[in-house]
Structures are given as C-alpha cells and as structure tokens.
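Working notes, beginning with the structure itself.
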Amino acid sequence: MSAAAGPAEQRRLALAGAVALLLGIGLGRYAFTPLIPSLVAAGWFSAEQTAELGAINLLGYLFGAASADRLSRALGPRRVIGGALALLTLSLFACALPAGMLWYGLWRLVAGWAAATLTIVVTPAVMVRMPVARRPAASAVVFTGMGVGTITASLLVPLLADAGIGATWIAVGLVAAVLGAWSWYRVWRHLPRGRAAPAAVEEDAAGPVPWLAIGLIVTAYGLNSAGYVPHSLYWVDYIARELGRGLAVGNGYWLLLGVGGVIGPGLAGLAAGRLGFRRALVIAFAAMTAATALPLVSSAAPALGVSSLVVGAMVPAIITLTAGVVVELSPAVRRQQIWGWATLSFALTQTIGGFGMSRLYAATGSYLDTIAAGALLLVIGTVCVIAALALQRGD
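First residue of the sequence shown? That's -12 in the numbering used here, and the numbers climb one at a time after it.
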C-alpha cells in the first residue's frame, strides 16, 4: 500500500482502523464486562476475582501502551498489527476454558496488551496515509470502532447466554477471527514490511512551549481513564446483581453505552469545529463527570440510561479532543512524544485505578462506592482542564 492512498484505499484504511479498535477495545477489553454476572453465577470466579481480572486486563493495557511505539519502530506497523490481531483472537478463544485464575489472568493480560498496541499503532498507520483534509473524518471513523465493538459484545452475550460461557467466548473469538482476517488480507498485509517513512515535519510556531498546560492536560487525561473504570468494568454487574435488575437489563444499558461510543467521535468533531478543541474538552469533561456521578443520585431507569449513553459518548470524545489539544499546544517535533506521555498517563492511571477500585469493592462490597471514587477523580480532571484553558486563554 502506497504512502499516499487513493480514495478507495482511504476508505478501506479507515474501516480497517475501526475494525482494529472494535476488536481491541470492544471485544478484547469489554466483552468480559457483560459476562461477569454469568462467570460469578456459574462459579467460575467470585465477584472479587472478576474485579481482579478486570484490573489485570488494565495492567496488560499499560504494558501495551509502554511497548507499542518501540515495537512498531523495531518491527514495523505491519508485523505488530498482525501479531496483536492474532494474539487478541487467541485470547478470546482461550477464555472459553474454565482453567482458573492463572490461565484467565494470563489471557486477560494478553488481551489488554493487544488492545493498547492496536490503539497506538493503528491510528498513525491510518493517518499518515490520509490527506490532511481527510484526517478528521478518518479519525472519527476509526474511533467509532470502540462503540461498535461494545455494541457487538452487548448483543452477542445475551443471545448466547443460554449456550454457556464457553460457547459465548468461542462465538466472540470467531467474530474476531473473521474481522481480523478481513482487515489483514485487505489492508494490513499491504503495509511496508519495515518502518514507514516519517511524515514531513512542519515548522513550529515561535514562542515558549506551554509545559504547565500540557502537564495539566496529560494529568486530566489520566484521571479520566481512572474515572471511567467503574463503568467499563462493573457497570453490567452493578445493574444486574447489585441493583437486582438481571443480566438482560444490565446488558441493555451496556448496549446504550456502546451506542454512545459510536456517536461520541462525531459529537467531538462538531463541538471542536464550533468551540475549538480546548473549550470542547472542558465541556466533555464536565459532561463525563456529571454522567458518572448520576447513579449516586438516582438508580431509576432514566438516570441509568443517561449515564450509560453520555459516559459511552464522552470516552471517545475526550480521546479525540485531547489529541486535538495536544496538537495545538505541542511543538511539531514533540507531538508524538507528548501523545505517548498522554497514552502512558491514561494506561498507568487506569491500571492503578482498576486495582484500587477492585480493592475498594472487596472492602465495601458495593459498586456504588467505586462509582463515587470515579466521579471524584473526574472532578479533579475537570479542574485540571479548566486550569489549562485559563493558562492559554490569551493565545
């Protein structure tokens, strides 16, 4: 595939990027969430063990965030993407076996690593082959894969619940195998075998680098990832078991969260176009905070629905808007490095938050306490973004 792709290749690239995030985030990370009540009910694991497995998956994501860029530079995007797709699919099939915590922990770790690796390596591989004018639209398509993957998991799990946990994992693995094979043969295998040539570096604007504002944005981005942990790991189990609404109802709200993930990137693009990336990011953080805290006020169906939809939409919106703010504030020669810092902040804080909240749940026995902790972290993140905007208001 040439560095400058034609229109048909551009469409396939963007679609393959969406498939990668669908598999990595939607299935590799989030197919586990709607299965938690079934895993507990079937006696495969206790509720505390499923919380630990969720945290182990976040640890794998951290490992992927730390290693993806170096692997891509050493082996080239083609090999790394192919390897991550293969390991991700294998991890899904492996979870069909009730072989205990060590086995499950290993494969949830692998799934987290593959999810982060695909997220970090695929997006630049797509963007570098897009004309500048097409990059915002292509980015929106790529990030919708997260929401579509979440929807896929929420639809598959209830349909296959009666067939058993093993059958559900096998079905999810087959979906990943088919989509991964399509994206490999249609797009990824055509990438250059070595490292892609770097894009031309644009000149930096004169003036000092706003390191304090960048630091606040990177910090807020990490706090956002930790604040999202209760919804990403415990949301279905909270509704199904803690609120006593049942698995079907819990998966219905998980589906709403996925719908939000599909519309979030588009909303972010519209808001950034009208308000600018920085103001749009403040609004996204405020909406994320309010929606996360909403179950603390009410567990009625409308409140749970709004919380699901808005949180689902704001997660990819904040990713998209943070990337835009990093581009605006960073010198061109440092953008990839600073985005790497943001990604590591996201993964590290999410991992710490995952393990911390699993311990909190083990101590209190209530998911509502983890939701309160997540909302508090998001309040701090929102303050950081507002402070960064205030520092740059004169620009």
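All residues carry an ideal CB built from backbone N, CA and C; glycine is no exception.
- For residue 220, the closest C-alpha among the options 361, 325, 178 is that of 361.
- Residue 156 and residue 336 have their C-alpha atoms roughly 28 Å apart.
- Shown here for residue 294: same chain residues with a beta carbon closer than 6 Å to its own, the five before and five after excluded, namely 278, 281, 282 in chain order.
- With 16 or more other Cβ atoms from the protein chains shown falling within 10 Å of its own Cβ, residue 298 counts as buried.
- Here residue 31 is buried, its C-beta having at least 16 other C-beta atoms within 10 Å.
- Within the same chain, Cβ atoms closer than 8 Å to the Cβ of residue 178 are found at -12, 63, 64, 65, 68, 112, the five residues on either side in sequence being excluded.
- By the neighbour-count definition (other C-beta atoms within 10 Å, threshold 16), residue 56 is a buried residue.
- Rounded to the nearest angstrom, the gap between the Cα atoms of residue 45 and residue 334 is 7 Å.
- A Cβ-Cβ contact shorter than 8 Å links residue 200 with residue 379.
- Annotation for residue 58: 67 place their beta carbon closer than 6 Å to its own, counting only its chain and skipping 5 residues before and after.
- When the Cα atoms are used, residue 329 and residue 357 turn out to be separated by approximately 24 Å.
- Our two residues, residue 366 and residue 276, have alpha carbons roughly 6 Å apart in a direct line.
- Per DSSP, the continuous alpha helix (DSSP H) segment holding residue 214 begins and ends at 198 to 214.
- Collapsing the DSSP output to three states places residue 310 in a helix.
- DSSP, read as helix, strand or coil, puts residue 317 in coil.
- Note that the segment 337 to 349 does not touch the segment 227 to 240; fewer than 3 beta-carbon pairs, one per stretch, sit closer than 8 Å.
- Taking C-alpha positions only, residue 303 is separated from residue 90 by approximately 31 Å.
- The segment 3 to 23 makes contact with the segment 98 to 108, as at least three CB pairs between them are under 8 Å.
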